[in-house]
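Trainee:
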Amino acid sequence: MSKNVSITGGASGMGLQLARQYLRQGNKVAIFDLTIPDSVSIELPQLSTNDFGFSEHCANVCDLPALQAQVEQAVATIGKPDLVIHCAGILLADRFEHHSQSDYEKVVSVNLFGTRNVVEAVLPYLNEGAHLSMISSMAGITGNYTYAAYCSSKFAVMGLSKVLRMELKPKGIDVSVICPPEVSTPMVTKEHQTIDPICLELKMVAGVLSVEQAVRDIMAGLEKRKHIIVPGFKAKLIYLLNRYMPDAVMFSIVDRVVAKGLKKVTSQ
Numbered sequence: 000m001s002k003n004v005s006i007t008g009g010a011s012g013m014g015l016q017l018a019r020q021y022l023r024q025g026n027k028v029a030i031f032d033l034t035i036p037d038s039v040s041i042e043l044p045q046l047s048t049n050d051f052g053f054s055e056h057c058a059n060v061c062d063l064p065a066l067q068a069q070v071e072q073a074v075a076t077i078g079k080p081d082l083v084i085h086c087a088g089i090l091l092a093d094r095f096e097h098h099s100q101s102d103y104e105k106v107v108s109v110n111l112f113g114t115r116n117v118v119e120a121v122l123p124y125l126n127e128g129a130h131l132s133m134i135s136s137m138a139g140i141t142g143n144y145t146y147a148a149y150c151s152s153k154f155a156v157m158g159l160s161k162v163l164r165m166e167l168k169p170k171g172i173d174v175s176v177i178c179p180p181e182v183s184t185p186m187v188t189k190e191h192q193t194i195d196p197i198c199l200e201l202k203m204v205a206g207v208l209s210v211e212q213a214v215r216d217i218m219a220g221l222e223k224r225k226h227i228i229v230p231g232f233k234a235k236l237i238y239l240l241n242r243y244m245p246d247a248v249m250f251s252i253v254d255r256v257v258a259k260g261l262k263k264v265t266s267q
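No gaps in the numbering here: position 47 of the sequence shown is 46 in numbering that gives the first Met the number 0, and each next residue is one more.
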């Protein structure tokens, strides 16, 4: 049975690959993004097997009224969403003392308040049996060097997802939170131009996934309607260690990785 799928951040990275795969499966898809390249506007409709099976919407998740208007248009085109995947987000990586207040607020505004706005915009259209999902990160499970703002926002998304699960489960609506490790997306490629080597050392512990592999694991987790979805074997291992190992053990591992990274930096 086909689904109506709404994807924010659907014009690039994991959001775009998710849109491709759900369209190929015969589902109807609506994507939302700040801007949508012509190449995406040409490619995705060709993958649709349904009449009126695809719609695209330029929307800023920080602008709630405009977002609500675009969601309303999407519902008018493809119908109420059976599955919502919120992928839109931004990254700022720098040591805390180099984060300005405005930098910090921008990351939290997009990643946390943007998530909150997406939920408010779609919730009136979610019927019993619907599924709401949102991207957090491995950075929402464990901290990372230079990720003060990003981790703050992604830990908050984890907390939000748990509350939403409790509140929406009695209404027959499932909630999932997706925590990928490093994924080879345009956002990560840009980050690598200036990434701190210690941050990179820590990220490599959880491994790197291609967009295709990450999306396969995400879709498998969504199909099972899991609450927490962690793509990738190494990332799952880190998640389990973080969950069940004492903090002292996890901190000792992290401290060794940081010390190794600092040694590399000072020796250069």
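We put the CB at the ideal spot given by N, CA and C, even for glycine. Fair warning: this is a prediction, and the values are worked out from it, not measured in the lab.
Measuring alpha carbon to alpha carbon, tell me which of 44, 73 and 47 ends up nearest residue 58.
Mentor: Position 59 of the sequence shown holds residue 58. Nearest of 44, 73 and 47 to residue 58, Cα basis: 73.
Trainee: Per DSSP, residue 7 forms a beta bridge with which residues?
Mentor: Within the sequence shown, the letter at position 8 stands for residue 7. The partner list for residue 7 (beta bridge, DSSP) reads 31 and 85.
Trainee: For residue 205, which residues in the same chain have their Cβ closer than 6 angstroms to its Cβ, ignoring the five residues on either side in sequence?
Mentor: The sequence position of residue 205 within the sequence shown is 206, counting from 1. The answer, listed in chain order, is 137, 180, 233, 234 and 237.
Trainee: On the premise that residue 110 lies in contact with residue 89, defined as a C-beta separation below 8 angstroms, what is that separation, rounded to the nearest angstrom?
Mentor: Indexing the sequence shown from 1 puts residue 89 at position 90. Indexing the sequence shown from 1 puts residue 110 at position 111. Sure, about 7 angstroms apart at Cβ, within 8 angstroms.
Trainee: Mapping DSSP to helix, strand and coil, what is residue 149?
Mentor: Within the sequence shown, numbered from 1, the residue matching residue 149 stands at position 150. Residue 149: helix per DSSP, three-state reduction.
Trainee: If you reduce the DSSP assignment to three classes, tell me which class residue 299 lands in.
Mentor: Nothing about residue 299 can be read from this structure; the chain reaches only from 0 to 267.
Trainee: Quick check for students: name the residue ranges of the alpha helix (DSSP H) that lie wholly in the stretch 122–177, counting only runs of 4 or more.
Mentor: 147–167
Trainee: Taking one C-beta from the stretch 188–200 and one from the stretch 215–228 each time, how about it: are there three or more such pairs within less than 8 angstroms?
Mentor: Not touching, per the Cβ criterion.
Trainee: Report buried or exposed for residue 248, applying the criterion of at least 16 other Cβ atoms within 10 angstroms of its Cβ.
Mentor: Against the sequence shown, residue 248 aligns to sequence position 249. By the 10 Å Cβ count, residue 248 comes out exposed.
Trainee: Looking at the unbroken alpha helix (DSSP H) that takes in residue 38, where does it start and where does it end?
Mentor: Residue mapping note: residue 38 aligns to position 39 of the sequence shown, counting from 1. Here the alpha helix (DSSP H) through residue 38 covers 37–46.
Trainee: Give me, in chain order, the residues of the same chain whose beta-carbon lies closer than 6 angstroms to that of residue 93; leave out the 5 immediate sequence neighbours on both sides.
Mentor: Taking the sequence shown and counting its residues from 1, the one referred to as residue 93 is at position 94. Result list for residue 93: 145, in chain order.
Trainee: According to DSSP, simplified to helix, strand and coil, what is residue 57?
Mentor: Looking up residue 57 in the sequence shown gives position 58. In this structure, residue 57 counts as strand in the three-state DSSP scheme.
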